[in-house]
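**Q** Numbering follows the working numbering, in which position 43 of the sequence shown is assigned residue number 49; successive positions increment by one, without gaps.
Glycine included, C-beta positions come from ideal geometry on N, C-alpha and C.
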Amino acid sequence: MVRKKTNIVVLMGGKSPEYNVSVASGIEIVKNLSKRKYDISPILISPNGKQWYLSSPHSILNLPNPLDPQVLPDDLIPPVRKTLNGLSQLNVHIDVVFIAMHGPCGEDGTVQGMLDLAEVKYTGSGVLASAIGMDKLVFRQIMASYKILVPKYVVIKKNETLSKITKILGKPPYFVKPNNQGSSVGNSIVKTRKDLKKALNLAWKFSNIALVDEYLKGREFTIGVIGDKKPKAFPVVEIVTNQEFFDYKAKYQDEGTQEIVPATVDKKIAKMIQDVAISIFTKLSCRGVARVDFILKGKKLYVLEINTIPGMTENSLIPKSARAAGMSSSQLLDTIIKDAMR
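#1: Quickly, what does DSSP pair residue 217 with across the bridge? List them, please.
#2: Residue 230 and residue 328 look like a contact to me (Cβ under 8 Å); what is the Cβ gap, rounded to whole Å?
#3: So does the segment 45-63 actually touch the segment 137-145, counting three or more Cβ pairs closer than 8 Å?
#4: By alpha-carbon positions, which one of 124, 286, 202 ends up nearest to residue 238?
#5: Note down, one range per segment and in chain order, each beta strand (DSSP E) of at least 3 residues found wholly within the segment 86-150.
#6: Counting C-beta neighbours from all protein chains within 10 Å, is the total for residue 174 16 or more, i.e. buried, or is it exposed?
#7: Please confirm if the segment 293-312 is in contact with the segment 80-90, defined as three or more CB-CB distances below 8 Å between the two stretches.
#8: Pick helix, strand or coil for residue 310, following the three-state DSSP scheme.
#9: Looking at the unbroken beta strand (DSSP E) that takes in residue 4, where does it start and where does it end?
#10: Comparing C-alpha positions only, which one of 25, 335, 51, 176 sits nearest to residue 71?
#11: Who are the near neighbours of residue 279 in its chain, counting only those whose CB is closer than 7 Å to its CB and skipping five residues on each side?
#12: Go ahead and pull the three-state DSSP assignment for residue 172.
#13: For the 8 Å Cβ check, are there 3 or more pairs between the segment 72-81 and the segment 269-284?
#14: For my contact list, residue 218 and residue 128 are in at a C-beta cut-off of 8 Å; report their separation, rounded to the angstrom.
#15: Sorted by chain position, which residues of the same chain lie with C-beta nearer than 7 Å to residue 170's C-beta, five sequence neighbours on each side aside?
#16: For residue 13, tell me which candidate among 43, 61, 21 has the shortest Cα-Cα distance.
#17: Entirely within the segment 28-95 and at least 3 residues each: give me those beta strand (DSSP E) ranges in chain order.
#18: So which of 27, 84, 33, 38 has the shortest CA-CA distance to residue 340?
#19: Check each candidate in 21, 29, 10, 11 and name the one with the smallest Cα separation from residue 317.
#20: Whole-angstrom Cβ separation of residue 179 and residue 196, contact assumed at under 8 Å?
#21: Give me, in chain order, the residues of the same chain whose beta-carbon lies closer than 8 Å to that of residue 344; leave out the 5 immediate sequence neighbours on both sides.
#22: Let me check understanding here. Comparing Cα to Cα, which of 117, 162, 110 lies closest to residue 186?
#23: Given that a residue counts as buried once 16 or more other Cβ atoms are within 10 Å of its Cβ, and exposed if not, what is residue 86?
#24: What's the gap between the Cα of residue 164 and the Cα of residue 96?
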């Protein structure tokens with residue numbers, strides 16, 4: 007008897023500044039999904055969010071490298087495609103949608119809500135955990151309620167007075183970021199007062215709310231957590247970069263960035279990071295896989311944010327830390343899909 011394959015839709019792209027990263031994640035997922043176990047239907051949502059393109063794995067795998075700085079979002083439309091008006095036109099039963107979308111309109115609960123309404127199973131966290139993970143302010147407020155340390159910060163809306171920044175944080179340096187982006191989109195370090203408005207204007211391009219953080223100089227760590235009812239932590243990763251911080255270039259283009267896994271830290275520190283990450287994952291009712299970012303300054307561990315749909319690109323941290331735990335990329339994807347089907 008021939009075993010029936012599982013029908014997987016890999017959903018990527020969409021209306022987000024992280025379009026290229028999403029397509030890169032989608033390509034890597036399609037590449038590493040077992041063709042023996044799965045029938046794969048890649049669907050790419052256009053950069054304006056209006057067109058849904060059904061393509062073939064072959065066509066998706068032959069797209070230009072999305073992380074090449076010269077490749078624009080419009081260069082990543084597959085040449086062989088069929089335009090859909092939604093998943094209902096796929097004409098096959100969908101077992102699981104593997105969400106490879108990053109940033110707003112993908113990672114923030116919107117796609118998850120759509121799939122919940124359609125009663126379609128999907129990878130990753132549900133609506134609420136996804137929305138909290140994308141909204142940095144709400145995430146920090148929840149962390150504070152659990153006495154989990156976060157950087158001291160100030161919330162600044164457009165056209166709001168900036169005087170409260172120095173009152174709360176003192177003099178620069180600061181770290182400025184938009185409230186609802188990933189991949190370090192819109193982030194910058196402010197070294198002098200005159201640079202503040204420029205940094206805020208950049209952040210406001212992506213969100214009406216900017217967060218101005220105290221600048222924490224310490225060791226940067228990130229860690230993946232996987233599972234559902236009994237989540238487990240991957241080995242801790244330490245990030246050492248030539249850039250001023252772990253920005254988009256450092257994440258995807260800078261060969262000088264070191265991602266040390268497992269991190270060369272004391273076992274007690276590693277366990278503390280793993281335990282806090284699992285605690286955060288559990289408190290937010292996350293599912294599938296997520297990544298939690300930290301700064302260790304002295305003996306104090308600060309949580310920066312959680313990524314409920316972390317990158318799955320060739321350079322991404324979750325596949326690297328999974329390999330350090332003895333799990334291949336294909337096994338990682340299998341585990342995420344099994345969690346979704348449960």
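**A** In short, the structure shows the following:
#1: 161, 183
#2: 7 Å
#3: no
#4: Among 124, 286, 202, the Cα nearest to that of residue 238 is on 286.
#5: Within the segment 86-150, the complete beta strand (DSSP E) runs of at least 3 residues are 88-90, 102-105.
#6: exposed
#7: no
#8: strand
#9: As displayed, the chain neither begins before 7 nor continues past 348, which places residue 4 out of reach and without an answer.
#10: 25
#11: 227, 229, 242, 300, 307
#12: helix
#13: Look at the beta carbons and you see the segment 72-81 not touching the segment 269-284: under three pairs across the two are nearer than 8 Å.
#14: Residue 218 to residue 128, Cβ: 35 Å. No contact.
#15: The beta carbon of residue 170 is closer than 7 Å to those of 160 in its chain, skipping five residues each way along the sequence.
#16: 43
#17: Counting whole runs of 3 or more residues, the segment 28-95 contains the beta strand (DSSP E) stretches 44-51, 58-60, 88-90.
#18: With distances taken between Cα atoms, residue 340 lies closest to 38.
#19: Comparing Cα-Cα distances from residue 317 to each of 21, 29, 10, 11, the minimum goes to 29.
#20: Contact between residue 179 and residue 196 is confirmed by a C-beta separation of about 6 Å, below the 8 Å threshold.
#21: none
#22: Considering only alpha carbons, the answer is 110.
#23: exposed
#24: 43 Å
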